[in-house]
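Enquirer: My questions all concern the structure below.
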Amino acid sequence: MDTQLAQEAVGVLHIRSVYDVDGVFGRYGFNNAPANLAAMAAAPASQRPARFLRLIKAVSMPDNDTLDFEGSAFGVSGGVMREILGYAPIEPDGSVKVKVPADVAFTIEILDANGRRISALHNNWLQLRPGEVRECNGCHNNQNDVAHGRTGAEAAALNLGAETSGLQFLNTLRFDALGTPITPNMGETMAEFATRSTFCETPGNPTSCAPIAQRQPSVDIVFNDEWTDAAVRAKETSFEYRYSALAEDPAQIHAPTSEACIDPDGWSSLCRVIINYETHIQPLWERSRLVDAVERQCIGCHSRNTTDINGNSLVQVPAGQLELTNQPSDVNNDHMTAYRELLSADLRQILTDDMAGLTDNIPVCEFVVDEDAIPECVVTLDLDGNPTCEGVVDCPFVQQEVTDELGVVELVLVLDTDGNPIPLTRQIGVSPSMSTGGARASARFFNRFANFDAATDTVDHRGLLNVSELKLLSEWLDIRAAYYNNPFDSVD
């Protein structure tokens, strides 16, 4: 037991390589990534699929005597609430060595460079005692019957660490506290070596070197190319997704954690990221967004109400059939409309004939063709020039039974006041743009902010949400998009 770690109320988790799946090299479906562990460890960061580790905590559920809360607090998450403990970088060889709060049940997720889960859900919980250092070889495929997590029973480790002492890992350069190059010991993983070495902006200048310390989590995702030897190839561009950068005015979007934990060196065993939809996600759609002095607030387009240049209130079809308002949902009035629109199947809507409202009864055709993509009605006329459906397969118009003077029942078209047959209506489903399956399963949403096709897209969404906002949405989706992730926040 490490007494210093125990005093911090943490343990340390050491994964030798997340690319080790029951002793077999795995690339998480990225078939263009390097084909073996040695090549992966030597590759530039942009070619490696696994970039960050997310640490997740289960949320304890109070009994009814302590808190009697509604099941709607879970939203569409399937009865799941989760908190995020923090993030840690995955080293080039797939290894991770990071502090974890002690006596806390936690699980892990492997993330890509965007902070989106690429691993399967890890439904097994881990827990470390204060000062405990736990090592595992890698990850486990729950479809395999290979032992996992049992010391001495697992498959042999794929990552054997440094092949020898005295040599840098391929394409890398690390330093001691004085800025002097230092090499790993035989058998050390990169994560182990990182705990006793550092990187320096200027080799030989100790004032440019980062402190040497055991990695601890961060509530933010931060990448610096700490490993690349600049004499071999150019270092890759740094990036960061920070809660402090959600908006220029922090009052517009509240960070889902405390100010102390947001500090770059402020993580402690007590830090938690708790994302509640109404507090942290809904403000994304409502905050002001000026682009070239033009207001691009999300709910300006994704709302059923708008205002013309004269200040008159008008009804509109929400852009993309997606309404992002905070009004109570007609599906569940404990939820805001935007939450259900994003995550639940819905029905397509069009303007009513009087333009005063919306309807989900969509005519199969129309006589005045507009931009709603409903085809023009084609009417068959009888010998007298009257509309008829006689001989028409799948008549698209409303018909009614009429009995003539001889008692014969026949179907005739119902006409409107203009003498046109009335089209049949139908309901058309709209798939949700987000999924509780995670951020990568929500490509319909995120692709809008990554790509634009002028031939098919009406609005260029690129840059409308910043990278920190996209990270917040990604992590919320990856932990199942609960409406609340703290049951006590769900009651007044």
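So the sequence shown is numbered by the numbering used here: it starts at 515 and just counts up by one. Ideal Cβ positions, reconstructed from N, Cα and C, are used throughout, including at glycine.
1. How many Å lie between I942 and L599 at the Cα?
2. Under the assumption that K611 contacts T709 (Cβ atoms under 8 Å), give the Cβ distance between them as a whole number of angstroms.
3. Ordered along the chain, which non-local residues of its own chain (more than five positions away) have a Cβ less than 6 Å from that of F707?
4. Let me make sure I understand the geometry here. Which of V733, D763 and D607 has the alpha-carbon closest to that of Q561?
5. Once the 5 residues before and after V736 are set aside, which same chain residues still bring their CB inside 6 Å of it?
6. Which residues in the same chain as E646 place their Cβ atom closer than 6 Å to its Cβ, once the five residues preceding and following it in sequence are excluded?
7. Buried or exposed, going by whether 16 or more other CB atoms sit within 10 Å of the CB of E584?
8. Whose CA, out of N826, D516, E989 and L519, lies closest to the CA of R756?
9. R688 and L625 look like a contact to me (Cβ under 8 Å); what is the Cβ gap, rounded to whole Å?
10. Please confirm if the segment 845 to 864 is in contact with the segment 785 to 799, defined as three or more CB-CB distances below 8 Å between the two stretches.
11. Short of 7 Å in beta carbon distance, which residues of its chain neighbour A523, apart from the five on each side in sequence? Order them along the chain.
12. Among residues of its own chain, excluding the 5 on either side of L551, which ones have a beta-carbon nearer than 8 Å to its beta-carbon?
13. So, under 8 Å CB-CB, P832 and H816 are touching, yes? Tell me the CB distance rounded to an integer number of Å.
14. If you check the beta carbons only, do R648 and L527 fall under 8 Å apart?
15. Determine the direct distance from the alpha carbon of T866 to that of V902, and round the result to whole angstroms.
16. What are the complete alpha helix (DSSP H) segments, minimum 4 residues, inside the segment 780 to 849?
17. Among the residues of its own chain, which have a CB less than 6 Å from the CB of L684, if the five just before and after it don't count?
18. Between which two residues does the alpha helix (DSSP H) harbouring T950 extend?
19. Can you give, in chain order, each stretch of the beta strand (DSSP E) that sits fully within the segment 906 to 942 and has at least 3 residues?
20. What residues in its chain sit with their C-beta under 8 Å from that of L581, if we drop five residues either side in the sequence?
21. Using 8 Å for Cβ pairs, my map puts Y601 next to S711. What's the rounded Cβ distance?
22. Would DSSP call E649 helix, strand or coil?
23. Only counting the same chain, and skipping five residues up and downstream in sequence, which positions put a Cβ closer than 6 Å to that of A691?
24. With distance defined between alpha-carbon atoms, name the residue in Q811, E904, L681 and A520 nearest to V973.
25. Does the segment 917 to 931 come within contact of the segment 952 to 962, defined as at least 3 CB pairs closer than 8 Å?
26. Count Cβ pairs between the segment 856 to 864 and the segment 932 to 951 that sit closer than 8 Å; are there 3 or more?
27. Less than 8 Å separating the beta-carbons of G593 and A995?
28. Taking the C-alpha atoms as reference points, what is the distance between D930 and I936?
29. So is F566 buried or exposed if we call it buried at 16+ other beta carbons inside 10 Å?
30. Taking just the CA atoms, how far does R786 sit from A774?
31. Quick check on the burial criterion: 16 or more other C-beta atoms within 10 angstroms. Buried or exposed for S949?
32. Between which two residues does the alpha helix (DSSP H) harbouring T517 extend?
33. Which of the three DSSP states is assigned to K613 in this structure?
34. Spatial neighbours of V829 within its chain, please: C-beta separation below 7 Å, excluding the five flanking residues on both sides.
35. Per DSSP, S732 is paired with what?
36. Quick check on D823: buried or exposed, where buried means 16 or more other Cβ atoms within 10 Å of its Cβ?
Expert: The answer reads as follows:
1. Along the sequence shown, read from residue 1 onward, the residue named residue 942 stands at position 428. Along the sequence shown, read from residue 1 onward, the residue named residue 599 stands at position 85. So the alpha carbons of these two residues sit roughly 42 Å apart.
2. Position 97 of the sequence shown holds residue 611. Position 195 of the sequence shown holds residue 709. Right, their Cβ atoms sit about 6 Å apart.
3. One-based indexing of the sequence shown puts residue 707 at position 193. So the list reads P698, once near-sequence residues are dropped.
4. Taking the first residue of the sequence shown as position 1, residue 561 is located at position 47. Q561 has its Cα closest to that of D607, out of V733, D763 and D607.
5. As a working mapping, residue 736 is identified with position 222 in the sequence shown. E754, listed in sequence order.
6. On the sequence shown, residue 646 is found 132 positions in, with the first residue counted as 1. Correct list, in chain order: G525.
7. Locating residue 584 in the sequence shown gives position 70, counting from the first residue. Classification of E584: exposed, given that the 10 Å Cβ count is below 16.
8. Walking along the sequence shown from the start, residue 756 turns up at place 242. The residue with the shortest Cα to Cα distance from R756 is E989.
9. As a position in the sequence shown, residue 688 is number 174, starting the count at 1. As a position in the sequence shown, residue 625 is number 111, starting the count at 1. Actually they are not in contact, since the Cβ atoms of R688 and L625 sit about 24 Å apart, beyond 8 Å.
10. yes
11. In the sequence shown, residue 523 corresponds to position 9, counting from 1. Answer for A523: P615, A616, P644 and S783, listed in chain order.
12. Stepping through the sequence shown from its first residue, residue 551 is reached at position 37. So the qualifying residues of the chain are S531, Y533, D534, F539, D607, G608, L672 and N673.
13. Position 318 of the sequence shown holds residue 832. Position 302 of the sequence shown holds residue 816. Contact holds; Cβ gap of about 5 Å.
14. Within the sequence shown, residue 648 is the residue found at index 134, counting from 1. Within the sequence shown, residue 527 is the residue found at index 13, counting from 1. Yes, the pair counts as a contact, with Cβ atoms nearer than the cut-off.
15. Reading the sequence shown from its first residue, position 388 is the one you call residue 902. Reading the sequence shown from its first residue, position 352 is the one you call residue 866. Going by the sequence as given, residue 902 is Thr instead of Val. Approximately 26 Å between the Cα atoms of the pair.
16. 796 to 800 and 812 to 815
17. Translated into the one-based positions of the sequence shown, residue 684 becomes position 170. Excluding positions up to five away in sequence, the list reads A556.
18. Translated into the one-based positions of the sequence shown, residue 950 becomes position 436. Where T950 is concerned, there is no enclosing alpha helix (DSSP H), given that its DSSP letter is neither H nor E.
19. 913 to 917 and 923 to 927
20. What you label residue 581 is simply residue 67 of the sequence shown in a count that begins at 1. Answer for L581: P1001, F1002 and V1005, listed in chain order.
21. Residue mapping note: residue 601 aligns to position 87 of the sequence shown, counting from 1. Residue mapping note: residue 711 aligns to position 197 of the sequence shown, counting from 1. So it is not a contact: roughly 21 Å between Cβ atoms.
22. If you number the sequence shown from 1, residue 649 lands on position 135. Three-state DSSP puts E649 in a strand.
23. The count along the sequence shown starts at 1 and reaches residue 691 at position 177. These residues qualify, in order along the chain: I726.
24. Numbered from its first residue, the sequence shown carries residue 973 at position 459. Comparing Cα-Cα distances from V973 to each of Q811, E904, L681 and A520, the minimum goes to Q811.
25. no
26. yes
27. In the sequence shown, counting from the first residue as 1, residue 593 sits at position 79. In the sequence shown, counting from the first residue as 1, residue 995 sits at position 481. No; because the gap between Cβ atoms is not below 8 Å, this pair is not in contact.
28. For this step, residue 930 is matched to residue 416 along the sequence shown. For this step, residue 936 is matched to residue 422 along the sequence shown. Each residue's Cα considered, the two are about 6 Å apart.
29. Start at 1 with the first residue of the sequence shown, and residue 566 comes out as number 52. It counts as buried.
30. The count along the sequence shown starts at 1 and reaches residue 774 at position 260. The count along the sequence shown starts at 1 and reaches residue 786 at position 272. Roughly 11 Å between the two C-alpha positions.
31. Stepping through the sequence shown from its first residue, residue 949 is reached at position 435. The residue in question, S949, is buried, as its Cβ has 16 or more Cβ neighbours within 10 Å.
32. The residue given as residue 517 occupies position 3 in the sequence shown. Residues T517 to Q521.
33. Here the question's residue 613 lines up with position 99 in the sequence shown. Of the three classes helix, strand and coil, the one that applies to K613 here is strand, per DSSP.
34. Position 315 of the sequence shown, counting from 1, holds the residue named residue 829. Excluding residues within five positions, the ones whose Cβ falls inside 7 Å are R818, N819, L865, M869, A870, G871 and L872.
35. Counting from 1 along the sequence shown, the entry for residue 732 is found at position 218. Paired residue(s): Y601.
36. Within the sequence shown, residue 823 is the residue found at index 309, counting from 1. Checking the sequence shown, residue 823 turns out to be Ile, not Asp. Per the 10 Å Cβ criterion, exposed.
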